[in-house]
């Protein structure tokens, strides 16, 4: 799951962009109508989104499976955020967990505007969507908005074993745990012409698993998303978490938010307002803190 998530993230970075967002030519039903008819149809669809949700009595929120600390077996940060969104609308929460597709375009199609070919979806809103301008501009069927967290590819190290980590050269001979099929893994495997490959332990699923090896003392350094590392180390002063000290790493990270159907602008407005309120009254801070993750506005 995490490796698929980073397939999407790598599209967003300036220097690690491996492939551009696929721009598909989507036929819009409104284009087949006279202009006035198309506008009326879009406005009706927009106003119907909130009406349908409230009539149904539940908000269907799509969340990624196996994405610590955001969703693991129905628990995590995104699950808590989803619950708050449903509470704002005065309806029950209906979670729709799913496995990531090959790319973000697949996930937006399957979970936001069309539905999966296996027969489930779409949801009313999808969480953990990269709030990235090229991706946003490429969408004719999905509206991406409400960034609620900024993720950063990072390393964590035990300070009594690694006094400083200003560059990868400071790793010396220390073993590093990192999931191989992730952005952190790809960056470390290719760093300095592959100079650190023999030090890497890569047979794990995600950065949280890497951090657990650090916590157990099996390695001195772990790499992954900052959220994954923090969720395991939970502020233990024996460890330090910093952005990965490598030029190709996206130092400013990437923002994640949510997506709804393109014409569900009123629903988006209400959900954006909910995120704003959660940020102001510190509910967002509390939700992240429950998982050991420091929160700052995206």
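In our numbering, the protein residues as written are 112 to 409. Cβ coordinates follow ideal geometry from the N, Cα and C atoms, glycine included.
Secondary structure of residue 256 (DSSP, three-state): strand. If you draw a straight line from the Cα of residue 260 to the Cα of residue 213, it is about 23 Å long.
In the structure shown, the three-state DSSP call for residue 389 is helix.
Around the Cβ of residue 176, a 10 Å sphere holds fewer than 16 other Cβ atoms; the residue is exposed. Under DSSP, residue 208 shares a beta bridge with 174. In the three-state reduction of the DSSP assignment, residue 262 falls in the strand class. If you keep only unbroken beta strand (DSSP E) runs of at least 3 residues inside the stretch 239-317, you get 253-262, 264-269. Assignment of residue 182 by DSSP, reduced to helix, strand and coil, places it in the strand class. Within the same chain, Cβ atoms closer than 6 Å to the Cβ of residue 207 are found at 171, 173, 234, the five residues on either side in sequence being excluded. The Cβ neighbour count for residue 181, taken over all protein chains shown within 10 Å, is at least 16; the residue is labelled buried. Linking residue 399 to residue 335 through their CA atoms gives a straight-line distance of about 17 Å. Pairing residue 354 with residue 263 gives a Cβ-Cβ distance under 8 Å. A direct Cα-to-Cα measurement between residue 239 and residue 348 gives close to 29 Å. Annotation for residue 394: the continuous alpha helix (DSSP H) segment containing it runs 394-400.
Between the alpha carbons of residue 203 and residue 169 lies a gap of roughly 4 Å.
Bounds of any beta strand (DSSP E) do not take in residue 215; it lies within the alpha helix (DSSP H) bounded by 215-219. Between the beta-carbon of residue 166 and that of residue 250 there is about 27 Å, and that puts the pair past the 8 Å contact cut. Note on residue 363: under 16 other CB atoms within 10 angstroms of its CB, so exposed under the neighbour-count rule. Residue 351 is positioned such that its CB atom lies closer than 8 Å to that of residue 267.
In this structure, the straight-line span from the alpha carbon of residue 273 to that of residue 404 is close to 23 Å.
For residue 270, same chain residues with a beta-carbon under 6 Å away, outside a window of 5 residues either side, are 351 in chain order. Under the three-state reduction of DSSP output, residue 355 falls in the coil class, being neither helix nor strand.
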